[in-house]
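Taking it in order: structure first as structure tokens, then the write-up.
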Amino acid sequence: MRLQRETRNTRDGYAAALLELGEKDERIVVLDADLAKSTQTEKFKQRFPERFVDCGVAEQNLMATAAGLAATGKIVFASTFAVFATGRAYDQVRNNIAYSNLDVKICASHGGITVGEDGSSHQALEDITLMRAVPRMKVVVPADYYETREAVKAVAYIPGPAYVRMGRPKVPVLFDEGYRFEFGKARVMRGGRDVTVIACGYMLHQALDAAEELAREGIEAEVLNLHTVKPLDREGILESVSRTGRVVSCEEHSVLGGVGGAVAELLVEELPTPMRMIGIRDSFGTSGTAEELVEHFGLDAHHIAEVVRGFLA
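Per my numbering, the very first residue in the sequence shown carries number 106; after that it's consecutive.
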């Protein structure tokens, strides 16, 4: 049985952070690409119209403009859907923003398969891989409203570019008003001795539900919230995996070069460990409700639990 939790939108947490930052710091500027209602940057536009720019359906220009503003000393938040922010505008992100180590925070919504009915053209499944590979880029994938709000406030003042990935649907609330975001530090959500389950973003609540299911069978899964994918918390991951001896990564993303890839790269160098990866297996998405697609691609809690059972057996 899945745990019942309040649900809120991660994009609303982003909007709340922008308003708080905007009130305190006149250097905060927000750019969007004709999607302000969807990304929730419209709330910033209404409060600070003189510090908001809609670049239209021109994502490459969005990133180039963000770079120019950052070069004048602004802290720039650039928002659009994840598939456009990282795919269509990759050249500008790499060469205009990251190469010059500019303070541009790319906060992209509608990441992953849970975009749903918009279909494969709008389902970013490679964005974490692309952003991980860009030198100087930080990558953060928050799990709920509060973590998104606090993560955005944190990355605003971490020098250089950052990529923050958000989803479309409401997700279970896992934290509260007192939550403290620690950049670069994986958070142990549940202790365990039999296997380490590493998840972030949408997959964190699925991993926790899977751990609850497994606990009823006497299997103790340790769940790590890897909200910061880059830089990776090497020490935290190694400490957990050294105790459990097995690791399962869970991501709403391709298994090629994403969270699982990042963890595997660490383990193969430092602590070779049996590992399984849960994610999209080298394919595009398809159209359907978020719930249908999560089940179809094996990202739900029950499938995670099945993988762990088979692994331990």
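Beta carbons: idealized from backbone N, C-alpha and C, even for Gly.
Computed from a predicted model, the values in this text were never measured in an experiment.
In this structure, does DSSP put residue i in helix, strand or coil?
{"i": "Lys-129", "result": "helix"}
{"i": "Thr-146", "result": "coil"}
{"i": "Glu-327", "result": "strand"}
{"i": "Val-188", "result": "helix"}
{"i": "Val-300", "result": "strand"}
{"i": "Phe-153", "result": "coil"}
{"i": "Arg-292", "result": "strand"}
{"i": "Asp-159", "result": "strand"}
{"i": "Ala-194", "result": "coil"}
{"i": "Leu-404", "result": "coil"}
{"i": "Val-178", "result": "The sequence as given places Gly at residue 178; Val does not occur at that position. In the structure shown, Gly-178 sits in coil (DSSP, three-state: anything other than H, G, I, E or B)."}
{"i": "Ala-418", "result": "coil"}
{"i": "Gly-118", "result": "helix"}
{"i": "Glu-287", "result": "coil"}
{"i": "Gly-173", "result": "helix"}
{"i": "Val-322", "result": "What sits at residue 322 in the sequence shown is Glu, not Val. Note: Glu-322 maps to coil in three-state DSSP."}
{"i": "Glu-411", "result": "helix"}
For residue i and chain B, any beta-carbon pair shorter than 9 Å?
{"i": "Lys-148", "result": "Here chain B cannot be found, since the structure has a single protein chain."}
What does residue i pair with, by DSSP beta-bridge criteria?
{"i": "Lys-335", "result": "Val-244"}
{"i": "Ala-183", "result": "Leu-136, Ile-211"}
{"i": "Thr-112", "result": "Pro-277"}
Within the same chain, show all residues whose beta-carbon is closer than 6 Å to that of residue i, passing over the 5 residues directly before and after it, in chain order.
{"i": "Thr-146", "result": "Val-135, Asp-137, Ser-184"}
{"i": "Ala-121", "result": "Arg-254"}
{"i": "Leu-50", "result": "There is no way to answer for residue 50, as the model of the chain reaches only from 106 to 418."}
{"i": "Gly-363", "result": "Ile-233, Thr-234, Glu-356"}
{"i": "Arg-237", "result": "Val-244, Lys-335"}
{"i": "Phe-389", "result": "Ser-225"}
{"i": "Ala-190", "result": "Ile-211, Ala-213"}
Which same chain residues end up closer than 7 Å to residue i when comparing Cβ atoms and leaving out the 5 residues on each side of it in sequence?
{"i": "Tyr-307", "result": "Gly-217, Thr-219, Gly-272, Val-276, Glu-357"}
{"i": "Phe-280", "result": "Asp-249, Tyr-251, Glu-252"}
{"i": "Ala-175", "result": "Val-181, Leu-207, Asp-208, Val-209"}
For residue i, which residues in the same chain have their Cβ closer than 8 Å to its Cβ, ignoring the five residues on either side in sequence?
{"i": "Asn-206", "result": "Arg-241, Pro-264, Gly-265, Pro-266"}
{"i": "Arg-193", "result": "Glu-164, Gln-165"}
{"i": "Thr-378", "result": "Val-346, Gly-350, Arg-351, Val-352, Leu-372"}
{"i": "Gln-311", "result": "Ala-304, Cys-355, Val-399, Leu-404, Asp-405, Ala-406, Ile-409"}
Out of curiosity, what's the CA-to-CA distance linking residue i and residue j?
{"i": "Asn-114", "j": "Tyr-250", "result": "6 Å"}
{"i": "Gln-228", "j": "Tyr-195", "result": "16 Å"}
{"i": "Leu-167", "j": "Asn-201", "result": "11 Å"}
{"i": "Arg-414", "j": "Thr-301", "result": "13 Å"}
{"i": "Leu-331", "j": "Gly-323", "result": "25 Å"}
{"i": "Ile-303", "j": "Phe-182", "result": "28 Å"}
{"i": "Val-412", "j": "Arg-285", "result": "32 Å"}
{"i": "Thr-394", "j": "Glu-400", "result": "10 Å"}
{"i": "Glu-396", "j": "Tyr-119", "result": "23 Å"}
{"i": "Met-106", "j": "Tyr-268", "result": "Its pLDDT being 43, under 50, Met-106 is placed unreliably by the model, and the measurement read from it follows with that caveat. For Met-106 and Tyr-268, the distance between alpha carbons rounds to 34 Å."}
{"i": "Arg-348", "j": "Gly-289", "result": "21 Å"}
{"i": "Leu-319", "j": "Glu-374", "result": "30 Å"}
{"i": "Ala-291", "j": "Lys-142", "result": "32 Å"}
{"i": "Glu-222", "j": "Phe-402", "result": "15 Å"}
{"i": "Glu-282", "j": "Tyr-262", "result": "20 Å"}
{"i": "Thr-177", "j": "Arg-298", "result": "51 Å"}
{"i": "Leu-123", "j": "Lys-148", "result": "9 Å"}
{"i": "Val-260", "j": "Val-246", "result": "12 Å"}
{"i": "Ala-316", "j": "Glu-370", "result": "25 Å"}
{"i": "Val-368", "j": "Glu-155", "result": "42 Å"}
Could you pull out every unbroken beta strand (DSSP E) segment of at least 3 residues lying fully inside the segment 197-284, listed in chain order? DSSP runs (the beta strand (DSSP E)) wholly in the segment 197-284: 209-213, 243-245, 267-270, 275-277.
Quick one: which unbroken alpha helix (DSSP H) runs of 4-plus residues sit fully inside the segment 331-402? Chain order, please. Counting only runs of 4 or more, we get 339-349, 364-375, 395-401.
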